[in-house]
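Visitor: Structure provided below as structure tokens; questions to follow.
Numbering (my numbering), first residue to last: 949 to 1325.
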């Protein structure tokens, strides 16, 4: 099989996974661009009857989804649970360390995804949804919303801590450019990258053999170029010339490095919750599907993606502790609302880091009204 056929098969597998993910929790909460990147590194595994999927007590940093077949979960108490692919849309007992052993009862097909990458993608996807909601309320940004959405969906920023996402646009500097202007020169060392806010540009490469500039691609609004300079100490590998007048947004390498440093967020460890000056109200900032699958007792749910809309349900006079699986999403939520005057903290380490997975409940949760938790119906 040739390289082109392998690439085509990989792309087809990726597309099949994207289609399958529309029912999987929490994958269905991710936008297509995040899913494609996630599945490019995922593993499809076929196993046989009686094979072990994972053992109790291990920390393997994976979310394992059952696509086909049946798996039995065996807990230390002796309790067992039979999981059928057609009925299971969540990862198999995904909290870590593993609380049970999983063993195939039939031949099975599994999807294994790196948990940290999934959590990072969820955080990014949900915080960008939050920011888009905020932008929709700002009439001054009406003309910029589409361009800003493209920037936030750029893979360049996936390593930026979610709490810093809001700062990205503060670090960009506008540049008015003219048609024919050379923005990036092949062979030069770079210390910045650019986003096209308005206009069109052409990427070319100088061929040393025939001494000609060869066109690579035309790029337009939303595209980023020169980003290698932020990561590598290497000369520019192409030229970028403006085809039209336009506006670029420039990001300096020094500013990009600052974005990688996570802003401080007030956190509280689980044993210290009872020692706070006032009893906190627990808020789960995961998706509603994740919350319904298992949440901490006496906690409400406001997904990070909906925080902009639902923050009006909270009171600035109350103390809230946000939580999620790892602390990544809850830190972002606490940071964003803390800047707006809310008294909020993040549960350090989240459910996994605090070892709270066995304390999760699936009973009817609580609704939030006038800043308080009320028993759901």
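Heads up, the beta-carbon is just placed ideally off N, CA and C, and yes, glycines get one too.
Counting pairs of beta carbons, one from the region 1264 to 1280 and one from the region 1229 to 1244, are three or more of them closer than 8 Å?
Guide: Verdict: yes, contact present.
Visitor: Distance check for residue 1292 and residue 1285, CA to CA, integer angstroms please.
Guide: Going by the C-alpha atoms only, they are around 7 Å apart.
Visitor: Do residue 1145 and residue 1116 have their C-beta atoms within less than 8 Å of each other?
Guide: Cβ distance not < 8 Å, so residue 1145 and residue 1116 don't count as in contact.
Visitor: Find the nearest neighbour of residue 1177 within the set 1139, 1156 and 1255, judged by alpha-carbon distance.
Guide: Nearest option by C-alpha distance: 1139.
Visitor: Less than 8 Å separating the beta-carbons of residue 1001 and residue 972?
Guide: For residue 1001 and residue 972, no; Cβs fall outside 8 Å.
Visitor: With distances taken Cα to Cα, identify the nearest neighbour of residue 1258 among 1205, 1077 and 1007.
Guide: Ranking 1205, 1077 and 1007 by Cα distance to residue 1258 puts 1077 first.
Visitor: DSSP three-state call for residue 1051: helix, strand or coil?
Guide: Correct three-state label for residue 1051: strand.
Visitor: Return the CA-CA distance between residue 1012 and residue 1149, expressed in angstroms with no decimal places.
Guide: Residue 1012 and residue 1149: Cα-Cα distance of roughly 43 Å.
Visitor: Taking DSSP's pairing of strands, which residues face residue 1323 in a bridge?
Guide: Looking at the DSSP assignment, residue 1323 forms a beta bridge with 1314.
Visitor: Determine the DSSP secondary structure at residue 1010, reduced to helix, strand or coil.
Guide: Strand at residue 1010.
Visitor: For residue 1157, count the other beta carbons within 10 Å of its own beta carbon; 16 or more makes it buried, fewer makes it exposed. Which is it?
Guide: Result: exposed.
Visitor: Quick one: measure Cβ to Cβ for residue 1186 and residue 1164, integer angstroms, because I've assumed they're closer than 8 Å.
Guide: Confirmed, Cβ separation roughly 6 Å.
Visitor: Just to confirm the assignment, what range does the beta strand (DSSP E) spanning residue 1248 have?
Guide: Unbroken beta strand (DSSP E) run through residue 1248: 1247 to 1249.
Visitor: DSSP three-state call for residue 1140: helix, strand or coil?
Guide: DSSP places residue 1140 in strand when its eight states are reduced to three.
Visitor: Taking only the alpha-carbon atoms, compute the straight-line gap between residue 1237 and residue 1201 and give it to the nearest angstrom.
Guide: If you take the alpha carbons of residue 1237 and residue 1201, they lie about 39 Å apart.
Visitor: Kindly indicate the opening and closing residues of the alpha helix (DSSP H) around residue 1076.
Guide: Per DSSP, residue 1076 belongs to the alpha helix (DSSP H) from 1063 to 1084.
Visitor: For residue 1243, does the three-state DSSP call read helix, strand or coil?
Guide: Correct three-state label for residue 1243: strand.
Visitor: Between which two residues does the beta strand (DSSP E) carrying residue 1098 extend?
Guide: Per DSSP, residue 1098 belongs to no beta strand (DSSP E); it is in the alpha helix (DSSP H), 1093 to 1100.
Visitor: Can you list, in chain order, the residues of its chain with a C-beta nearer than 6 Å to that of residue 1042? Leave out the 5 residues immediately preceding and following it.
Guide: 1011, listed in sequence order.
Visitor: Check the DSSP bridge columns for residue 1173 and list the partner residues they point to.
Guide: Per DSSP, 1142.
Visitor: Among 1317, 1276, 1071 and 1306, which residue has its Cα nearest to the Cα of residue 1295?
Guide: The shortest Cα separation from residue 1295 among 1317, 1276, 1071 and 1306 belongs to 1276.
Visitor: Can residue 1019 and residue 1052 be called in contact, C-beta distance under 8 Å?
Guide: For residue 1019 and residue 1052, yes; Cβs fall inside 8 Å.
Visitor: Tell whether a beta-carbon distance below 8 Å holds between residue 1017 and residue 1056.
Guide: Yes, the pair counts as a contact, with Cβ atoms nearer than the cut-off.
Visitor: Does residue 1255 come within less than 8 Å of chain B when only Cβ atoms are used?
Guide: Chain labels in this structure do not include chain B; a single protein chain is all it has.
Visitor: If you run the structure through DSSP and keep just helix, strand and coil, what is residue 1156?
Guide: Here residue 1156 sits in coil by DSSP.
Visitor: To test your reading of the DSSP string, which unbroken alpha helix (DSSP H) runs of 4 or more residues are found completely within the region 973 to 1023?
Guide: Complete alpha helix (DSSP H) runs here, min 4: 980 to 987.
Visitor: From the DSSP output, read off the bridge partner residues of residue 1272.
Guide: Looking at the DSSP assignment, residue 1272 forms no beta bridge with any residue, so it has no partner.
Visitor: So, is residue 998 buried or exposed, given that buried needs 16 or more other C-beta atoms within 10 angstroms?
Guide: When all chains shown are included, residue 998 counts as exposed.
Visitor: Residue range of the beta strand (DSSP E) that residue 1230 falls in?
Guide: Unbroken beta strand (DSSP E) run through residue 1230: 1229 to 1232.
Visitor: At which residue ranges does the region 1277 to 1305 contain complete beta strand (DSSP E) runs of 3 or more residues, listed in the order of the chain?
Guide: Correct list: 1291 to 1295.
Visitor: From the DSSP output, in three-state form, read off residue 1226 for me.
Guide: Residue 1226 falls in the coil class under three-state DSSP.
Visitor: CB-CB under 6 Å to residue 1239, same chain, minus the five flanking residues each way: which ones, in chain order?
Guide: Closer than 6 Å at the Cβ level, and outside the excluded window around residue 1239, lie 1232 and 1249.
Visitor: Could you pull the DSSP bridge partners for residue 1161 from this structure?
Guide: DSSP, once it has assigned bridges, lists 1154 as partnering residue 1161.
Visitor: Excluding the 5 residues preceding and the 5 following residue 1127 in the sequence, name in chain order all residues of the same chain whose CB lies nearer than 6 Å to its CB.
Guide: Result list for residue 1127: 1190, 1192 and 1193, in chain order.
Visitor: What span of residues does the beta strand (DSSP E) with residue 1257 cover, start to end?
Guide: Run containing residue 1257: none in the beta strand (DSSP E); it sits in the alpha helix (DSSP H), 1255 to 1258.
Visitor: How close, in whole Å, do the beta carbons of residue 1119 and residue 1203 come, if the pair is a contact with beta carbons under 8 Å?
Guide: Contact holds; Cβ gap of about 4 Å.
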